[in-house]
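Numbering (numbering that gives the first Met the number 0), first residue to last: 0 to 371.
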Amino acid sequence: MENPFSYGTVVRGDDFYDRKDETQRLVSTLESGNNVVLYAPRRYGKTSLVFKVMAELESKNCLCIYFDLLSVYSLESFAKSFLLKIKEKQSKTERFVKTISSYIKSIKPKLTFDENGSPEFGVDFLEDEVSVQTISDLLDLPEKMAENGQKVIVIFDEFQEIAKFGKYGLEGLLRSKIQQQRTAYMFLGSKTHLLTKMFADKKRPFYNSAFIMQIGPLPLADTTEFLQRKFAQFGIIISEECCAYLVQRTSNIPYYIQLLAAEVWQAVIVEKKTVTTQIIDECCIRVINLKRDYYFELFDKHSEGQKNLLVALCKSGKNIFSLDYIKTNRLKAISSVQKSVKTLMDNGVVDNKADLYFISDPFFKLYIEQQL
Ligand SMILES: Nc1ncnc2c1ncn2[C@@H]1O[C@H](COP(=O)(O)OP(=O)(O)OP(=O)(O)O)[C@@H](O)[C@H]1O
Ligand SMILES: [Mg+2]
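This is how it looks when you write it as structure tokens:
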């Protein structure tokens, strides 16, 4: 029997719930040619939402290119991956090859045929090192591939990673593309503080270049409906109260809701038991136990000041720079809290929503609480 809950991958169709308003808003903004920045803490469902938005835009004949910057580490890997992403959306390989040949001098496309006679696409880079000019030409390629007035939308996921290319000035290059092209761009990311700086700092190239949108958690009523529906498919009952309890244990973060629900499903499926808060607690402990070594190291590698702050964040994440907070939690000076928060956020251990700070992984939080 297959577990009905999935986490860690993009969720689609029946596994994706809510986000209707956000979807419509994004579709209409991008369709009308405007740029969007979408940010949310880690594992809130940004990528899944964007795949839904892309499906709608594609049903309206838009050409959508999705590009994740996380795994890109050099100009050459940027060029290769970007090309492949454009290629994925082409039904006419020969036209694609011709377009590259006529517009990009530094790339030689290759077309070979496999044993079934189907064309296979590949490229040779003619420069010793891929140049910024090549990236610039590639960024113009989606518009060149658009047919019959098709609208083009290019989506950069984990956009804060563009900082890796600081020395090449890719931020400035992209900004100039945004100004010259008709393409609508969407930028996604989870390092909220980095993205905010990028788009709201007057000195940065992207200042004021996009409509900024944030997504929050999924509404409790929708999560309850989703959990009850999924469990009911297996004849398992979960009350509204238990749904609320499960959501609370996962700090209402979509990924962890599904992770814990998957664990609960495992625990009850054989005997078809009704879900109780006690079962949910047992499952939380099982999740923590599975990751105990990892959590131990994750906690251990931080400095004393950072550890103290993590402990304090388990209790509250409000007004963390106030004297009162520092005194109550026996922390050092404001400056050291600021430094600790920055490191913890850069490492992805802590996240924030406006002025509320929290430990990104609710099970890591539960682990720390266990140690107190
Ligand atoms: N609308 C949704 N409906 C159901 N589950 C969701 C939804 N959004 C997110 N999830 C859950 O959260 C998980 C992570 O989603 P996704 O990868 O889209 O988030 P993300 O914000 O892009 O994460 P990351 O910060 O790791 O890139 C999914 O695998 C799924 O379990
Ligand atoms: Mg993502």
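Beta carbons are placed, not taken as given, at the ideal position from N, Cα and C, and that holds for glycine.
- Cβ-Cβ distances below 6 Å link Asp221 to Tyr16 and Asp17 in the same chain, with the five nearest sequence neighbours on each side left out; the list follows chain order.
- Ligand 1 has no heavy atom closer than 8 Å to the beta-carbon of Arg24.
- For Val246, the CB contacts under 7 Å within the same chain, skipping 5 residues up- and downstream, are Leu219, Thr222 and Ile256 in chain order.
- By the beta-carbon neighbour count (other beta carbons within 10 angstroms, threshold 16), Ile284 is exposed.
- Within a 10 Å sphere around the beta-carbon of Asp299 sit fewer than 16 other beta-carbons, which makes this residue exposed.
- Within the same chain, Cβ atoms closer than 8 Å to the Cβ of Phe66 are found at Ser80, Phe81, Lys84, Val153, Ile154, Phe155 and Asp156, the five residues on either side in sequence being excluded.
- Separation of Phe158 and Ser189 (C-alpha to C-alpha, rounded to the nearest whole angstrom) is 9 Å.
- Around ligand 2, the residues selected by a Cβ distance under 6 Å to any of its heavy atoms are Lys45, Thr46 and Asp156, following chain order.
- In the three-state reduction of the DSSP assignment, Met185 falls in the strand class, which pools E and B.
- Residue range Leu62 to Asp67 is occupied by the beta strand (DSSP E) that includes Cys63.
- By the neighbour-count criterion, in which 16 or more other beta carbons inside 10 Å mark a residue as buried, Val129 falls on the buried side.
- In this structure, DSSP gives Ile211 an extended state, which the three-state scheme calls strand.
- Contact between Ile214 and Glu21 holds: their C-beta atoms lie close to 6 Å from each other, under 8 Å.
- Cβ contact annotation for Leu193 (same chain, cutoff 6 Å, sequence separation greater than five): Gln159, in chain order.
- For Ile279, the enclosing alpha helix (DSSP H) starts and ends at Thr276 to Leu289.
- DSSP places Phe120 in the strand class (E or B) of the three-state scheme.
- Nearest to Gly347 by C-alpha distance, out of Ser359, Asp354 and Ser339, is Ser359.
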